[in-house]
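According to our numbering, the sequence shown is numbered sequentially starting from 16.
Here's the structure we're looking at; comments come further down.
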Amino acid sequence: MVQLDSKNLSLAYDGDDVIRELSLAIPARQITALIGPNGSGKSTLLKGLARLMKPTGGAVYLDGQAIHHLPTRQVARQLAVLPQRHEAPDGLLVRELVAFGRFPHQGFFGVCSDEDDEKIAQALEITGITALADHPLGELSGGQRQLAWIAMALAQDTQLLLLDEPTIFLDMAHQLEVLEVLERLHRRQERTIVMVLHDVNQAARYAHHMVALAEGRAVRSGTPREILTAEVLAQVFGIEAEVRIDSFTHTPYCIPLKLCKSV
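Here is the structure:
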């Protein structure tokens, strides 16, 4: 199983530090959610872990090797990433988009093999969009389009999957659909998944491990019951909240009450 870690990782934009000397171990075969207020560094950290940003200090390690020193194709065979913003021509068919995920595994001429076709079909099936395979992206709803992009990442067939706010701009039904697809993927294939989520209740429901960030630092990491507490919510988000256990999912959820007096 591929292991992803960071040690004393620092990331910056134009010389301004966003992530500061952050050491983190991503649990293998689990879903990890990165949570925190706007500007806490969640998306920046994900970019650093995904090799989309070069560290200004420290390093990210993939199976013990500094990820920025590894060949791009080698990394792409072990780690797939879905950024927050992604674009493709509306006329592109869903199947064609998903096929792009096979690029790291193809030869010089990029011809699809039987294995490529099988992985594409599996990605379409697990995301529930097989029936949309021959539809143009421009004809899809926002939720369907997001599932197509997730299918592309799944077709890459990596042990590690990193997603930056996969539910952004989606209504509640489509948010639930996307998160259940990721949960199903983990249950079937035990892939290691790291995702940035704004909704802490969704994070606590679907993740096994959570990392709470504030001002570029990991305030605390652990299970949902260890992270979704009144103390951590006050420290990270500056709110007073009541935390309860959901009788259906048996996971914690919070009810925000008011801003802390010091905020």
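Even for Gly, the Cβ is constructed at its ideal location relative to N, Cα and C.
Could you tell me if residue i is buried or exposed, where buried requires 16 or more neighbouring beta carbons within 10 angstroms of its beta carbon?
{"i": "E78", "result": "Note that residue 78 is Asp in the sequence shown here, rather than Glu. So D78 ends up on the exposed side."}
{"i": "I260", "result": "exposed"}
{"i": "I270", "result": "exposed"}
{"i": "H201", "result": "buried"}
{"i": "M187", "result": "exposed"}
{"i": "G54", "result": "exposed"}
{"i": "A6", "result": "Because the chain is modelled from 16 through 278, residue 6 falls outside the range shown and cannot be assessed."}
{"i": "E102", "result": "exposed"}
{"i": "D131", "result": "buried"}
Taking the alpha carbon of residue i as the reference point, which residue from the options has its own alpha carbon closest?
{"i": "D214", "options": "F184, G63 and L107", "result": "F184"}
{"i": "Q45", "options": "Q190, H224, V251 and G158", "result": "H224"}
{"i": "R235", "options": "A146, T47, P98 and E111", "result": "T47"}
{"i": "A222", "options": "E230, L228, A229 and L212", "result": "L212"}
{"i": "D172", "options": "I135, P181 and E255", "result": "I135"}
{"i": "L85", "options": "L67, P98 and L97", "result": "L67"}
{"i": "N23", "options": "V17, A233, C127 and S38", "result": "S38"}
{"i": "L139", "options": "L197, T238 and T87", "result": "L197"}
{"i": "F252", "options": "M167, L274, L26 and P70", "result": "L274"}
{"i": "L97", "options": "C127, A170, Q89 and G30", "result": "A170"}
DSSP puts residue i in a beta bridge; with which residues?
{"i": "G237", "result": "M225"}
{"i": "R66", "result": "R66 pairs with nothing; no bridge assigned."}
{"i": "R44", "result": "Partner(s): none; R44 has no beta bridge."}
{"i": "C269", "result": "V258"}
{"i": "S21", "result": "L39 and V75"}
{"i": "L108", "result": "P151"}
Rounded to whole angstroms, what is the Cα-Cα separation between residue i and residue j?
{"i": "R199", "j": "Q93", "result": "20 Å"}
{"i": "L107", "j": "G153", "result": "8 Å"}
{"i": "E230", "j": "E36", "result": "12 Å"}
{"i": "L228", "j": "L176", "result": "20 Å"}
{"i": "G157", "j": "P151", "result": "13 Å"}
{"i": "A114", "j": "A95", "result": "14 Å"}
{"i": "N240", "j": "Q217", "result": "First, the amino acid is wrong: residue 240 is Arg here, not Asn. Their backbone Cα atoms lie some 13 Å apart in a straight line."}
{"i": "A168", "j": "V109", "result": "13 Å"}
{"i": "H189", "j": "R160", "result": "11 Å"}
Ignoring anything shorter than 3 residues, give me the beta strand (DSSP E) runs that lie fully in the segment 188-234, in order along the chain. 207-211 and 224-229
Identify every run of the alpha helix (DSSP H) within the segment 69-103, keeping only runs that are complete inside it and at least 4 residues long; order them along the chain. 87-91
Unbroken alpha helix (DSSP H) runs of length 4 or more, entirely within the segment 149-192: which are they? 157-170
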